[in-house]
Amino acid sequence: MPQPATPEPSPTPTAKRNERPQTGTVSADPQMAAKPNYVYEFSRPEFIVSWVSIEHDEQGRGKISFKKQGLEAAESDPITLSTVTLERINGALTALNFLDSTEDYQYEKDYSHLGNISITYRKNGRERTAKFNWTTNENAKALMDEYRKISNQYVWQFDMQVARENQPLNAPSIMDELDSYLRRNEISDPKQLVPLLKELSNDERIPLIARNHAGKLVEKIEKEKK
């Protein structure tokens, strides 16, 4: 006789993105090897970029996913973090003694209007997640700021790619945005953008003003690198 079909498992409910930050705990997980070592998540529904998730391994390879106003669904792109970026992240985690600490990084006041943050770190079968929206801890803030700079860098690359392919007239304003990020030190590793900017400086699909601006930014980044 035919066997009855096995019912499909019910989907796991999606966690609320704007839940109140809480101090995480350390736990052991035998399946952790299949999970990314580092996970950062930001959420603020009213922002233009309302949700960002960054996952990567110890070599900096992983992906970024984000939701942005005007997009029907979340976008995901592969990422490769530079050695400089990884050193800053690991330096902050080491200074925090992250896996062994039980410190609550959340400031005494709730600043969830600025967006809620979750940071997870896994290593050697151990795991801890910390959640906060504002902190006065210098190293926790450095960790939060570094991941924000990574998001700026890769979301900007996505926006520019869309402009090149479909909306070339937006390229000058997107280039202005990058210029502003660089002046405020809001890009994780500007040197990673040099190859793309060189391509843009010769891309006749975008307006001349954007091409010229790309060339000037290359000169600026390379000068500061020296």
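Residue numbers 1403 to 1628, in the numbering used here, belong to the letters of the sequence shown in order.
All residues carry an ideal CB built from backbone N, CA and C; glycine is no exception.
Taking residue i as the reference, which of the options has the closest Cα?
| i | options | result |
| --- | --- | --- |
| R1550 | S1445, N1439, P1438 | S1445 |
| S1498 | E1540, V1620, N1614 | Sequence check: residue 1498 is Leu here, not Ser. Of the listed residues, the one whose Cα sits closest to L1498 is E1540. |
| R1463 | M1546, P1480, P1609, W1558 | P1480 |
| H1458 | I1608, N1572, D1561, E1443 | E1443 |
| N1526 | Y1440, F1468, E1505 | Y1440 |
| S1590 | L1501, D1547, S1582 | D1547 |
| S1520 | N1535, Q1559, E1510 | N1535 |
| P1438 | P1447, Q1461, S1452 | Q1461 |
| A1436 | R1524, E1505, F1449 | R1524 |
| T1487 | P1592, R1585, P1609 | P1592 |
Secondary structure at residue i, three-state DSSP: helix, strand or coil?
| i | result |
| --- | --- |
| R1463 | strand |
| I1608 | coil |
| I1456 | strand |
| R1503 | Checking the sequence, you will find Ser at residue 1503 rather than Arg. Correct three-state label for S1503: coil. |
| T1537 | coil |
| N1614 | helix |
| S1429 | Bear in mind that a pLDDT of 46 at S1429, under 50, signals an unreliable position, so the model cannot answer this. |
| K1470 | strand |
Within the continuous beta strand (DSSP E) that includes residue i, where are the two ends?
| i | result |
| --- | --- |
| S1478 | 1477-1482 |
| S1532 | In the sequence on display, residue 1532 carries Ala and not Ser. Counting along the chain, the beta strand (DSSP E) containing A1532 begins and ends at 1528-1534. |
| E1443 | 1440-1445 |
| K1437 | From DSSP, K1437 is part of no beta strand (DSSP E); its letter is neither H nor E. |
| K1525 | 1518-1525 |
Go to residue i, then tell me how far its alpha helix (DSSP H) extends in each direction, as first and last residue.
| i | result |
| --- | --- |
| S1590 | No alpha helix (DSSP H) holds S1590; DSSP gives it neither H nor E. |
| S1582 | 1573-1585 |
| N1492 | 1485-1498 |
| L1599 | 1596-1602 |
Taking 9 angstroms as the cut-off, decide whether the C-beta atoms of residue i and residue j are in contact.
| i | j | result |
| --- | --- | --- |
| A1532 | R1490 | no |
| D1561 | E1588 | no |
| E1624 | R1613 | no |
| K1600 | A1616 | yes |
| Y1583 | Q1559 | no |
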